[in-house]
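In what follows, a structure is listed as structure tokens, so that the remarks can point back to it.
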Ligand code: V47
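In the numbering used here, the protein residues as written are 12 to 363.
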């Protein structure tokens, strides 16, 4: 029955999607890979980007986070706008097309520190795509400065933010959410903010943090909530399952999910999220080796060169300095796929 539906690429219910985990990895991979091939052939997308995390001082207390300065790693910092602009200028020498700016929820900087920097970047480099402010940051700014989500979004548009990253989604199930990141943006608020952004004619991504205390049921529920919103808005470009990194934080998880469980989750995401075009294996959290394998389990995007990364590397990921372009292209080619540089909204720029 479920195999018939998979053969016919019919939409799955929650119960059917959950049953996918009971299939063996190769059967799942076969179906996920078929969908991937029909849409993208053997192309794998990536972009040349620079991540900037301008402050690690945070009002919130997410148990999984090793980046916040209130965690086990007390090295508080806040970059000035000049330092952020210098980082962008330096990165442009390496031909970045996108700057991806995500901060902690710092109550000391003032609203303008968060928003004005985008205007400055846009003025100096109008061609550079600014992907910035997660729904969690928007919720923080809205409550901290007593503005509606619409007002914050309006300011983002005025300052030249082009798209929103997918962070802050974590796991939508309210019970798990309360344990891992109680107090921050709720699931419904996260979805509402993305909906408003999409209604403003803009695009965004969606993440899911998995491999900690959540169940398989919670993951499928997370995907279902995203699928429902995407039916309505069509605003999500990519789904990004983030593998939980367990070092230097306060969530007591001793085991990583197995490679099999991670690949199954990628394949299931590809099958269940039939309305989100791109599935990103963010090599930072899956490791580059598993990200390359994920290409055969539905993933068609490996994010990018990153250059510098502070959030996941604080929790144990091997990503602090990103990956040089030549190496990134080479590992994709060596794995039998064609690397295609894309822009931030998935227009193809260059095939290698
Ligand atoms: O939301 C925090 C995650 C996210 C840990 O939109 C952790 O293109 C693993 O969302 N282990 C921020 N993950 C990063 C993010 C992202 C990354 C790349 C591309 C895009 C995109 C978005 O990092 C947070 C949180 O879920 N995170 N701590 C950890 N210990």
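All residues carry an ideal CB built from backbone N, CA and C; glycine is no exception.
For residue i, three-class secondary structure by DSSP
i, result
"residue 112", "strand"
"residue 58", "strand"
"residue 225", "coil"
"residue 352", "strand"
"residue 328", "coil"
"residue 283", "helix"
"residue 164", "helix"
"residue 359", "strand"
"residue 16", "helix"
"residue 141", "strand"
"residue 68", "coil"
For residue j and residue i, believed in contact at Cβ under 8 Å, the rounded distance
i, j, result
"residue 438", "residue 321", "Outside the shown range of the chain (12 to 363) lies residue 438, about which nothing can therefore be said."
"residue 224", "residue 264", "7 Å"
"residue 278", "residue 39", "4 Å"
"residue 216", "residue 176", "6 Å"
"residue 281", "residue 29", "Going by Cβ atoms, the distance from residue 281 to residue 29 rounds to 16 Å, so no, they are not a contact pair."
"residue 198", "residue 183", "4 Å"
"residue 161", "residue 207", "6 Å"
"residue 103", "residue 152", "Contact doesn't hold; Cβ gap of about 27 Å is too wide."
"residue 196", "residue 179", "6 Å"
"residue 142", "residue 111", "5 Å"
Chain C within 8 Å of residue i, Cβ atoms only
i, result
"residue 42", "The chain inventory of the structure shown lacks chain C, comprising one protein chain alone."
Report yes or no: do three or more beta-carbon pairs, one from the stretch 111 to 122 and one from the stretch 61 to 71, lie closer than 8 Å?
yes
Across the stretch 23 to 33 and the stretch 254 to 266, are there enough close Cβ pairs to call them in contact, namely three or more that are closer than 8 Å?
Segment contact: the stretch 23 to 33 against the stretch 254 to 266, fewer than three CB-CB distances shorter than 8 Å; contact not assigned.
Contact between the stretch 231 to 244 and the stretch 263 to 272 (3+ Cβ pairs under 8 Å):
no
Quick check: the stretch 91 to 100 against the stretch 26 to 33, are at least 3 beta-carbon pairs closer than 8 Å?
no
Quick check: the stretch 282 to 296 against the stretch 244 to 252, are at least 3 beta-carbon pairs closer than 8 Å?
yes
For the pair the stretch 297 to 312 and the stretch 44 to 53, tell me if three or more CB-CB distances fall below 8 Å.
Contact between the stretch 297 to 312 and the stretch 44 to 53 is present: three or more C-beta pairs spanning the two stretches fall below 8 Å.
Write down every uninterrupted run of the beta strand (DSSP E) in the stretch 71 to 132 whose length is 3 residues or greater and which is fully enclosed by it, in chain order.
109 to 112
Evaluate contact between the stretch 341 to 359 and the stretch 317 to 331, counting only Cβ atoms and requiring at least three cross-stretch pairs below 8 Å.
Contact check between the stretch 341 to 359 and the stretch 317 to 331: fewer than three CB pairs, one atom from each, fall below 8 Å, which does not count as touching.
Give a yes or no on contact between the stretch 163 to 176 and the stretch 203 to 222, applying the rule of three or more CB pairs nearer than 8 Å.
Using a Cβ-Cβ distance cut-off of 8 Å, the stretch 163 to 176 and the stretch 203 to 222 are in contact, since at least three pairs of beta carbons, one from each stretch, lie closer than that value.
Which runs of the alpha helix (DSSP H) fall wholly inside the stretch 175 to 228 and span at least 4 residues, in chain order?
185 to 192 and 198 to 210
Sequence ranges, beta strand (DSSP E) only - wholly within the stretch 239 to 316, length at least 3
If we require 3 residues or more, the beta strand (DSSP E) runs fully inside the stretch 239 to 316 come out as 247 to 254 and 312 to 315.
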